[in-house]
Structures are given as structure tokens and as C-alpha cells.
């Protein structure tokens, strides 16, 4: 491990590993535990380190890091004490992040498949092949036969260039990203309720809230630094944490109260909370009258299981009385029967939100978003905050967290979804005209209809409709649902596959061309985190071999295809030039981005950045200069300035346990690994701590099936199967009748088993619910 | 040449005391958690016998609530 080169002997190295093992073990036992002083200990004595600031590479929290470099090598990481996100703290993944870049199997040169074997190829030649293939495919089959699938880990400039290249240069909306798999329902919720994406509050809410309600959100493992900030408030001020989930996790055991519900019934419980709020007179009437409308949409909207599924909601205005009438089906007594949440617990949850003297923040992430009614679930939590007026104030607000470092900054703000543009959507003429003007392309070139969202994009590959696909910084053949269909699809000769990545993955295994990408600190870039904070970093070390920044590889291919005039950026300074061009899209008080000079100096700035200041709480006139209606609150994303309280019913999941497949399957993550594990499984201490996936059982289920810990179990659905060791009373505890499997392990592909049903509004798949059977093998 | 790592849990309110006691033991490296009464502890001894003696010394510390083994390595001396 060259990270510890200056720790000269093997024995010292082993001691270091032993210490890291202990810290990793502690991280899995104590949610949010932090070993800040270790950061300094990892630094070799007499080191003359140059510390460079940036954001962490992993989750959407966006912790500030300082990377210590010496003689062109990154050798230490510590939390940035000047970053308000993490105040110098980091989680176990954050500390160890740079250890992966020296991995022996790092992709350092382009590889081109010739006669079934990968041949090391000069990058220039590989980019020629990619450009020629893309150009030829468009000539033969039309511009909608080529597609690009990018990432919430792409930097803002990378996402911007991808969008400009596909939508502005080629003229196809065949661009989508893996944030579709984790955040699209949050976007759908924000747009339908507020007409403007991303949370209104910020992490400082943690310092003010009396209650934190986590909705299907294991923050202790997925957002450990934020969870540690909550625990600090719990011990310092007596703030309370209530965990509402389908599985008992590290977060549940660290919370003041853990409430478990039957999968999918969160829809009903949220409505029951609203029922109680109205019944008990806890509605903030003046807030609702001034700032809210009531709408209903279509019901029985399907699950997107069939190819080319289409859905468009038809919103219809209703009044408060009809909404109240609708909620009569959701009394705590009625909902308790199928949600398995006691009447007492439903009333307890309602009383937290209903108490006018208590400040409440709701947090959620994949549990609510990866849901066949994900947009509805987001709407329903907003309903609770809107009915009580607990929104857009310090310590009061709904807050959807992101899983990737730039799911907000790149996927949502730059807009690397099929329907999006850097400002607005392709369906809107004004937005297309603005993009055409800034990009200097004919307005007619940008198509007005969205094409393929992520799942449908890979279905189109399977059907042979897409004949060229380029994936970047993502690993869909581990992360898509129902990979049992999409792996063979990507192996078909009908589609030419280009994969840009830092490490080989199951996705690069099916590529025709593999492009070696520079990692995070080997290039300059910008990310945008969950609290609307944009963070910049400068390149810190050189990438190995011919590994190159993805943005630059896109530009090189665009130039080879004859679009050079649209990409007049310089290799040395392209990040700055692209960001300055991109900023023009968001000018104004509602979404102004901080100038690069500010981002270079500070550990990020929150947009809207107005008159040299971050806006911490949007829609609140006290903090947000964009409010212009003369009232205390202004939901200016909607034309009439009012947010929408949506009437959304409980509807069943598309597949439920039955006699043949008697268990719910829930999938998720673990603290040691980040998503598909392509980086963290190359960090020895993290890999050692959690070397493989497992299937968790409730002890009663394990006992009745005669299953012991570690015994190999075949988990089978109607799509496929996966063999994993059983885990009983270890990391998490699923409810009876449910099994849980983490998805980080490419050797145990649980997504061969999952279902590719999605929310018809957001098109985000549901990884949390399908039916499986289990057999000892 | 055993190298072992442990989690050492302090009795409530005695974190500082445990820290001092552990740091006084020559063959121990200690890293305190910022926000829990827990230490990551690595011991480095020439043989199993001395490791056993050291473990007894650690377990005799009054401010220690619990000592749990995380990993063990055995290497030739450099």
C-alpha cells in the first residue's frame, strides 16, 4: 500500500491495519462513532505535507476533506475543520478513501476488445474508435440509436459536457443517469409539491430541531457524519430521534424510539398522521390558507413492468373538505390493521408533528425514494409539514438526503436526465431556447420529447433499439434492478458498449471499449451535495498511465465527431471554463450559483447564492431574497406561489409474498461499502471488515426453517437467484417474513433477483420490495 | 510476534482515566473515539506469553469496562 510508503516496515503496516480494523469494527457497533485524532496519527513523522481541500468522494453528505500530498502522491486524508458540513469529522469510508487509487488492477490504459480479448490501446486511438462508432451508428440508425448513461458521481463539468454533447450537439435526449435509481422520486416529489427541486433547508437544521423522524433511512450506516451530529444534539440538548422503518438497524438501536411497519404501508401511515393532525385541530390554518393548494391525481397508476410503459398524471384541484373526507379511510385504527404499526405509535408520530412548540425534521433517502409510489410518499411527508406549517425554518422541515456525492449538483442541477436541461426541461420551449442560446446551437436541434429513463434505456438495449451506449462512473450491471435481464442485453452484439471507469467492474466486463478514467482527486471538479452546497476542488495528484478526466474524454470524442466549435475549452482550464458557462443557466435570486473564486476559497457555498451570501432556508422571506409576495413564506416554484398538499392513497406493491415466494426481499447498503463496492472493496481494511454480502433473517424465521448463521442460502424470485450466507442477529434485524441483502458484492448479485417495477411518475425502481423464496444449499 | 487490536470500553465518566492508564503501557497504541467512551487499541508484543501478561495488565485497569478482541496478527520481526 503506497499510501503508507513512509511507514517503512511491514510490521508498522500491520499495526496500522490492526488499528484500522478496530476502528472499522467500532464503526459497525456504534453508529456515528468518530476517531478524528487518528487522522493526524496516520501522517508519517517528518512529513512535509501539502494539504489540499475538496469534498469526500463517497456519499451525498458532502463532507469537506483535506488530502495530504507529498512528492506527487496522496498519502493522508483528514476532515476539513473549516467545512460546516462535517466540522473536521469523517466516517470510516471517508478516512480511507484514497487507499483505493493505488489498487493493482487500476485501469490505466484504454482497452479495446479484439477477437474476444482486451488489447491495450493508446487512448487517442481508443477515442477515435468510440467517435467513429458513434458517428457511424447515428448515420446508419439515427441519432436516437446512441445513448449515454452517466452518474451522480460525475462532476458538474462532466455532467454539463455530457448534456451539451448529447442534447445540444448530437440532438438526442438519450441521456440518463444512475441518480434515476436513487433520487428521481425525491425530484418528482419536490416538483409536484413545490415546483422547485431540492430541499428548502440545510444541515444546520440539525442544531435546532427537537425531533428527527427518519423515514426508512438507516443514517447511522449511510450518512454517519450527519447521524453523529444528530446524536450530539441528542446528548447535548435532549433532541429525540424516532426511527420509522421496515428493519431494525444500527440507526434504530441508537434512536429514542423504533417503529416498524409492513413494507409499502408507509403511504397509509403518512395519511393516518395527516388524519390525526386534522382531527386534533393541529393544522396551522393561517399557513395552509395563505400558502397551500389541495390537489389529487390519478390512482391505480401501474408499476411500469412492461416495456415502453407510459404514464402522465392529471392533477385536479380539490378543497380541504374533500381532502378531509378522503382521509377518513386512514384513521389510525384502520391503518394499524395492515401496517402493523400500533394505533398508539401512529398517534405518537402525529403528536410529534402536531405539537406547535416542537421543531421537527424528517429525513429520508432510498427507503422512500426506491418505492413504486415514491413520488407519492415524498408528497405525503410534505403534506405533514405543510399542514403543520413546519417547513423552511431552522429546525423545521422535510429533508431528502442523497446517496451520491453529486446527485444534486450534477444529475439534478446540471440535468443529466432524459427530460432535463441545465435549466428546466426539454418539454418547455423557453428552456430549450435558453439552452440553445448558451450552447450556441440551433434551437430546433434540441428535441422536445424525453426518450429513455434508466430502466427503459437498458430495456431498449435488450430490444436492439439502442445500438451504442457509453456509461461513465457507474456500474449498472450490479446496480440496476433485474440484472438477470440487462446483463445478457448488454452482452448482445447488437449494442456497442463503451465504459469509462477507474476500476474494472462487471459492467466493464461486457464493454467493447474501456476508457481509463481519472479518479476524483486526479482531476479538478465540482460536486453539489444534499443541502444545495456546491464544492470545488483542484487536481491534487496526477492520474496513472493515460487515465483522463471524463469531461475531457467527452470533449475529445465530440471534437472527433465534428462538434469542436461547441467545445472550445482548453485541456488545462476546462473545468473553470465549463463552470463559468454553466453558471449562466442559473443566474438570478432563485438559483444563482457562487462564483468559482468563492468556491476556491471556501468549503462550498449553498445556492441560491445571492449578493455574496448562501441562502440556507428557501421560501422563507426572512432568509430567502427570492421571496417577493410580501408574505412570510413564498413557494415561488409554483406560478401562484403556493405549495400543493396532495391527496395520494395507499396502493399495494406490485409483487407481494405468496405461497410460492413467501418472503419480502429488501436490499440496501452497509457502512463499510459504498454502493456497488467498486472502490471500497479495493480498500483492504473495509473489504476485510465486510468481505461479502449475506442474507439477513429474523431469528424466528431462521429457527422455523432450521437455518444457521453462515449457512449458504439460495434466494430465488421469479427473475433469478443468488446464493449467500445466512446472517442471524448480526448487523440488522428484518421483520418476520422479510429477508435483507446488501447489494455491494459483485460476486453475489442480488439484483439478479430484484424486480424492475418503478414509480410511474419518477420512473425510479423499487429495490425494497419483491417476493422471494429461500432454500438451504 | 503478535499484533492484536481491541476495542476498549471505559466505565462511564472514566474515559480520561482509562486513556492515561493505557498510554502508560509501553506495548499499547491507543486512539480514542471522539464521541463514545471507546478506544481502538493495538498491542505489539514479542511473543504470546508477553501478550498474555499485557492483556492481564489491561484487564486489571479499574476504569476498563470491557475489552473485546477485533483482530490478531502474527508476524516475523523486521
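Chains as they are written, first to last, in our numbering: chain A, 191 to 967; chain B, -10 to 67. Glycine residues also receive a C-beta, built at the ideal position from the N, C-alpha and C atoms.
9 Å Cβ cutoff, residue i in contact with chain B
{"i": "residue 746(A)", "result": "no"}
{"i": "residue 576(A)", "result": "no"}
{"i": "residue 209(A)", "result": "yes"}
{"i": "residue 693(A)", "result": "no"}
{"i": "residue 255(A)", "result": "no"}
{"i": "residue 224(A)", "result": "yes"}
{"i": "residue 427(A)", "result": "no"}
{"i": "residue 421(A)", "result": "yes"}
{"i": "residue 876(A)", "result": "no"}
{"i": "residue 440(A)", "result": "no"}
{"i": "residue 201(A)", "result": "yes"}
{"i": "residue 279(A)", "result": "yes"}
Residues sharing a beta bridge with residue i, DSSP
{"i": "residue 637(A)", "result": "Residue 637(A) pairs with nothing; no bridge assigned."}
{"i": "residue 723(A)", "result": "796(A)"}
{"i": "residue 307(A)", "result": "304(A)"}
{"i": "residue 404(A)", "result": "433(A) and 553(A)"}
{"i": "residue 241(A)", "result": "258(A)"}
{"i": "residue 846(A)", "result": "DSSP, once it has assigned bridges, lists no residue as partnering residue 846(A)."}
{"i": "residue 339(A)", "result": "366(A) and 661(A)"}
{"i": "residue 267(A)", "result": "257(A)"}
{"i": "residue 375(A)", "result": "Beta-bridge pairing links residue 375(A) to no other residue."}
{"i": "residue 33(B)", "result": "-8(B)"}
{"i": "residue 837(A)", "result": "486(A)"}
Beta-carbon contacts of residue i that lie in its chain and below 6 Å, excluding the five residues immediately before and after
{"i": "residue 291(A)", "result": "709"}
{"i": "residue 31(B)", "result": "-6 and 18"}
{"i": "residue 474(A)", "result": "578 and 579"}
{"i": "residue 686(A)", "result": "323, 658 and 702"}
{"i": "residue 20(B)", "result": "29"}
{"i": "residue 281(A)", "result": "414 and 415"}
{"i": "residue 871(A)", "result": "877"}
{"i": "residue 191(A)", "result": "Caution applies to residue 191(A), whose pLDDT of 31 falls short of 50 and renders its modelled position unreliable; the value that the coordinates give is listed next. Closer than 6 Å at the Cβ level, and outside the excluded window around residue 191(A), lies no residue."}
{"i": "residue 698(A)", "result": "689, 691 and 704"}
Contact set for residue i: own chain, Cβ-Cβ below 7 Å, skip 5 residues either direction
{"i": "residue 48(B)", "result": "56"}
{"i": "residue 505(A)", "result": "485 and 487"}
{"i": "residue 514(A)", "result": "468"}
{"i": "residue 390(A)", "result": "581, 582, 587, 807, 808 and 809"}
{"i": "residue 436(A)", "result": "406, 450, 451, 453, 856, 925 and 928"}
{"i": "residue 562(A)", "result": "493, 843, 844, 947, 948, 949 and 956"}
Contact list for residue i against chain A, beta-carbon separation under 8 Å
{"i": "residue 50(B)", "result": "Correct list: empty, because the minimum Cβ distance to chain A is about 17 Å."}
{"i": "residue 56(B)", "result": "Going along chain A, no residue has its Cβ under 8 Å from residue 56(B), so there is no contact; the nearest lies around 11 Å."}
is_contact[residue i, chain A] using C-beta, thresh 9 Å
{"i": "residue 23(B)", "result": "yes"}
{"i": "residue -10(B)", "result": "yes"}
{"i": "residue -4(B)", "result": "yes"}
{"i": "residue 5(B)", "result": "no"}
{"i": "residue 47(B)", "result": "no"}
Residues of its chain near residue i, where Cβ-Cβ distance is below 8 Å and the 5 sequence neighbours each way are ignored
{"i": "residue 730(A)", "result": "242, 244, 257, 259, 264, 711 and 712"}
{"i": "residue 507(A)", "result": "483, 484 and 485"}
{"i": "residue 532(A)", "result": "526"}
{"i": "residue 619(A)", "result": "638"}
Contact list for residue i against chain A, beta-carbon separation under 7 Å
{"i": "residue 39(B)", "result": "The contacting residues do not exist; residue 39(B) stays about 15 Å from chain A at best."}
{"i": "residue 59(B)", "result": "211, 212 and 215"}
Under 9 Å by beta carbon: chain A residues contacting residue i
{"i": "residue 30(B)", "result": "209 and 212"}
Chain-ordered chain B contacts of residue i [CB-CB under 7 Å]
{"i": "residue 220(A)", "result": "25 and 27"}
Contacts that residue i makes with chain B (C-beta to C-beta distance below 9 Å)
{"i": "residue 416(A)", "result": "Neighbours of residue 416(A) on chain B: none; closest Cβ ~13 Å, over 9 Å."}
{"i": "residue 205(A)", "result": "-8, -6, 18, 31, 33 and 62"}
Inset, instruction - Please list the segments of the beta strand (DSSP E) lying wholly inside the segment 633 to 713 of chain A, counting only runs of 3 or more residues, in order along the chain. - result: 658 to 662, 686 to 691 and 703 to 706
Inset, instruction - Let me know the beta strand (DSSP E) ranges lying completely inside the segment 501 to 550 of chain A, each 3 residues or longer, listed in chain order. - result: 506 to 508
Legend entry - Runs of beta strand (DSSP E) wholly within the segment 763 to 808 of chain A (minimum 3 residues, chain order): none
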